[in-house]
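**Student:** These protein sequences, in sequence, are chains A and B. 390 is the number of the first residue of the first sequence in the working numbering; add one for each residue after it. 390 is the number of the first residue of the second sequence in the working numbering; add one for each residue after it. Every residue, glycine too, gets a C-beta built ideally from N, C-alpha and C. Computed from a prediction, not measured in an experiment: that's the story for all the values here.
Protein chains: 2
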Amino acid sequence: MSKRTTTRAPTTSQRTLLGLLSLQSWTAYELTRQMRVAVGRVWPRSEASLYTDMKRLVPAGLAEAEEEEVGDRTRTRYEVTDAGRDEATRWLRDTEVSEPRVQIEAVLRVFLADLAGADDLRRTLDDTRRQVTRQLEAVLPILEDYASGGGTFPERAHLNALFMHYCAGFFGHVLEWCDDVEAELDTWPDTAGVGMTAGAQQMIDDAIATHRRAVERYLETADEEGAS
Amino acid sequence: MSKRTTTRAPTTSQRTLLGLLSLQSWTAYELTRQMRVAVGRVWPRSEASLYTDMKRLVPAGLAEAEEEEVGDRTRTRYEVTDAGRDEATRWLRDTEVSEPRVQIEAVLRVFLADLAGADDLRRTLDDTRRQVTRQLEAVLPILEDYASGGGTFPERAHLNALFMHYCAGFFGHVLEWCDDVEAELDTWPDTAGVGMTAGAQQMIDDAIATHRRAVERYLETADEEGAS
DNA sequence: AGAACCTACTCCAAGTTGGAGTAGACACCC
DNA sequence: GGGTGTCTACTCCAACTTGGAGTAGGTTCT
Chain A
390 MSKRTTTRAP TTSQRTLLGL LSLQSWTAYE LTRQMRVAVG RVWPRSEASL YTDMKRLVPA
450 GLAEAEEEEV GDRTRTRYEV TDAGRDEATR WLRDTEVSEP RVQIEAVLRV FLADLAGADD
510 LRRTLDDTRR QVTRQLEAVL PILEDYASGG GTFPERAHLN ALFMHYCAGF FGHVLEWCDD
570 VEAELDTWPD TAGVGMTAGA QQMIDDAIAT HRRAVERYLE TADEEGAS
Chain B
390 MSKRTTTRAP TTSQRTLLGL LSLQSWTAYE LTRQMRVAVG RVWPRSEASL YTDMKRLVPA
450 GLAEAEEEEV GDRTRTRYEV TDAGRDEATR WLRDTEVSEP RVQIEAVLRV FLADLAGADD
510 LRRTLDDTRR QVTRQLEAVL PILEDYASGG GTFPERAHLN ALFMHYCAGF FGHVLEWCDD
570 VEAELDTWPD TAGVGMTAGA QQMIDDAIAT HRRAVERYLE TADEEGAS
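(1) Can you confirm whether glutamine 590 of chain B, when its beta carbon is compared against all beta carbons of chain A, has any partner nearer than 9 Å?
(2) Strictly under 9 Å for the Cβ-Cβ distance: is valine 583 of chain A near chain B by that measure?
(3) Taking only three categories from DSSP, how would you classify arginine 434 of chain A?
(4) Measuring straight from C-alpha to C-alpha, what distance separates aspartate 508 of chain B and methionine 592 of chain B?
(5) Taking the alpha-carbon positions, what's the alanine 572 of chain B to threonine 586 of chain B distance?
(6) Just verifying my parser: in three-state terms, what is the DSSP assignment at glutamine 413 of chain B?
(7) Can you tell me which residues form a DSSP beta bridge with alanine 454 of chain B?
(8) Among all the DSSP beta bridges, which residues are the ones paired with arginine 490 of chain B?
(9) Have a look at the DSSP bridge pairing and note the partners of arginine 462 of chain B.
(10) Nearest CA to the CA of leucine 514 of chain B: which residue from A:Asp475, A:Val486 and A:Gln524?
(11) Can you find a C-beta in chain B that's less than 9 Å from the C-beta of leucine 481 of chain A?
(12) May I ask which residues mark the beginning and end of the alpha helix (DSSP H) holding threonine 522 of chain A?
(13) Check whether chain B comes within 9 Å of proline 399 of chain A, counting only Cβ atoms and requiring the distance to be less than that.
(14) When the distance is taken between beta carbons, is threonine 522 of chain B closer than 9 Å to tyrosine 607 of chain A?
(15) Alpha helix (DSSP H) containing phenylalanine 560 of chain A: first to last residue?
(16) Buried or exposed for glutamine 413 of chain B, going by 16 or more other Cβ atoms inside 10 Å?
(17) Does the beta carbon of methionine 443 of chain B sit closer than 9 Å to a beta carbon anywhere in chain A?
(18) Within 9 Å of any Cβ in chain A, is that where the Cβ of threonine 513 of chain B sits?
(19) Only counting the same chain, and skipping five residues up and downstream in sequence, which positions put a Cβ closer than 7 Å to that of glycine 506 of chain A?
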């Protein structure tokens, strides 16, 4: 019955698709849209790879596909199987979460800012602010829907809220950081050869304090759990 | 002389390598290490792809490689060319920064937490705290070096500080979010079917406030720039 | 009637990953 | 002196993933 022994384990993207399919059935096109607007901010995938991922769920026995006729062409609707629902649950139950992976070219450009001038750095900060603000604007209507008791899947509002809370904090943090960089940049003659400044020293000291507190806190809670 | 017209543009990873090579010459092995410990938290790449990226810099005329003999085998030392330094500067000067790309499975698991139980969600939060704390521990000695006036490239301390400031804020935010999730989770009977709670409503309202403020602030500064 | 956008995908070259594999060098411990 | 382990210094590869282009029917607006 099961080919589990010969099939390789689904990827996280495939399991996420199974998660969405556990909520309801979707067409392939809807699924790509949902992956983008719902979870794209913490698990971005290209359209192309989503379409191929869905296809692979079927021979693995995790989902079923059926063709629907729409005028002159067809679209594919996917439905999760019991094995698929199982797979999604076992993902959350039996596997360890992978480490966060962050790719922010803006921070990289700040790190290497002395290769160009202060104006170029300012432009990067402005571009980043614009990009982040665009993202925030796109999310606002969804948030407002939820705030007024609407939104899709109201029984899942508690999970959506935690999700949005993360995203809001992340984008808020990027914007704050842009401001901090610009304020510090204003105290420099240019980007190159400045060395340690009062502001930079302050940031390092703050970072050390944050780090130490976090590490100590972690050791405490680990002790408690070990002792109990 | 230049094959720029037939060669495709370097990738961001290659340009980052050129950025590091603009500081000094490095061996291939040192470069992979540097990419990991210095910028890996905002631009993570696998060893394998870094080695192939370096190799490609040479035929493009952006770097030069020479073999050094170390006992019974060789290692490769790279040096940037004028064209390479130029390429790095034009990257910062003439191209727009790409959008942040974040991949945090922990947030995804929270979003789909109703597929499993509260214990599974708690385990994910604990794992995430452990992962993040490990990262912070690894960075602490570097931070302490800089705080005491040491550290590599002291003339670049101002840029390193901004970089570290970003990372500290990011990891701090993740830890805070874990605490928020756990506090909210404590008020639920289980993960499924809870719907909107007081805490969730608060998070949504806060997120809306943050978003609105950010969008308004952006429009204001854009106006100023447009008016001036 | 035409333009523009939405639906519903497919294709592909090129980039990228993660894990395994190879081997020399150096340290340490019994 | 022999074993174990860790660090240096990479290479190889199958599989995964991206981003952009391409195709084509459907709907909406003007």
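**Tutor:** Let me lay it out:
(1) As a position in the second sequence, residue 590 of chain B is number 201, starting the count at 1. With 9 Å as the cut-off, glutamine 590 of chain B counts as an interface residue toward chain A.
(2) For the purposes of this step, residue 583 of chain A is taken as the residue at position 194 of the first sequence. Taking Cβ atoms only, chain B reaches closer than 9 Å to valine 583 of chain A, which makes this a yes.
(3) Taking the first sequence and counting its residues from 1, one reaches residue 434 of chain A at position 45. Reduced to three states, the DSSP call for arginine 434 of chain A is coil.
(4) Mapped onto the second sequence, residue 508 of chain B falls at position 119. Mapped onto the second sequence, residue 592 of chain B falls at position 203. Computed Cα separation, rounded: 22 Å.
(5) Locating residue 572 of chain B in the second sequence gives position 183, counting from the first residue. Locating residue 586 of chain B in the second sequence gives position 197, counting from the first residue. Answer to the nearest angstrom: the Cα atoms are 12 Å apart.
(6) Here residue 413 of chain B is taken as the residue at index 24 of the second sequence, counted from 1. Glutamine 413 of chain B falls in the coil class under three-state DSSP.
(7) Reading the second sequence from its first residue, position 65 is the one you call residue 454 of chain B. In DSSP, alanine 454 of chain B forms a bridge with B:Tyr467.
(8) In the second sequence, residue 490 of chain B corresponds to position 101, counting from 1. Looking at the DSSP assignment, arginine 490 of chain B forms a beta bridge with A:Gln492.
(9) As a position in the second sequence, residue 462 of chain B is number 73, starting the count at 1. BP columns for arginine 462 of chain B point to B:Val459.
(10) Position 125 of the second sequence holds residue 514 of chain B. Cα-wise, what sits closest to leucine 514 of chain B is A:Val486.
(11) Within the first sequence, the letter at position 92 stands for residue 481 of chain A. Yes, contact with chain B.
(12) Within the first sequence, residue 522 of chain A is the residue found at index 133, counting from 1. Run containing threonine 522 of chain A: 507-536, per the alpha helix (DSSP H) assignment.
(13) For the purposes of this step, residue 399 of chain A is taken as the residue at position 10 of the first sequence. Chain B, which has no Cβ nearer than 9 Å to the Cβ of proline 399 of chain A, makes this no.
(14) Within the first sequence, the letter at position 218 stands for residue 607 of chain A. Within the second sequence, the letter at position 133 stands for residue 522 of chain B. Yes, these two residues count as a Cβ contact at 9 Å.
(15) For the purposes of this step, residue 560 of chain A is taken as the residue at position 171 of the first sequence. Element bounds for phenylalanine 560 of chain A: 546-574.
(16) If you number the second sequence from 1, residue 413 of chain B lands on position 24. Looking at its Cβ environment, which holds fewer than 16 other Cβ atoms inside 10 Å, glutamine 413 of chain B is exposed.
(17) In the second sequence, the residue the question calls residue 443 of chain B occupies position 54. It does not: the Cβ of methionine 443 of chain B has no partner Cβ on chain A nearer than 9 Å.
(18) In the second sequence, residue 513 of chain B corresponds to position 124, counting from 1. Yes, because at least one Cβ of chain A sits closer than 9 Å to the Cβ of threonine 513 of chain B.
(19) As a working mapping, residue 506 of chain A is identified with position 117 in the first sequence. If we look at glycine 506 of chain A and ignore the five residues flanking it on each side, its Cβ neighbours are Asp579 and Thr580.
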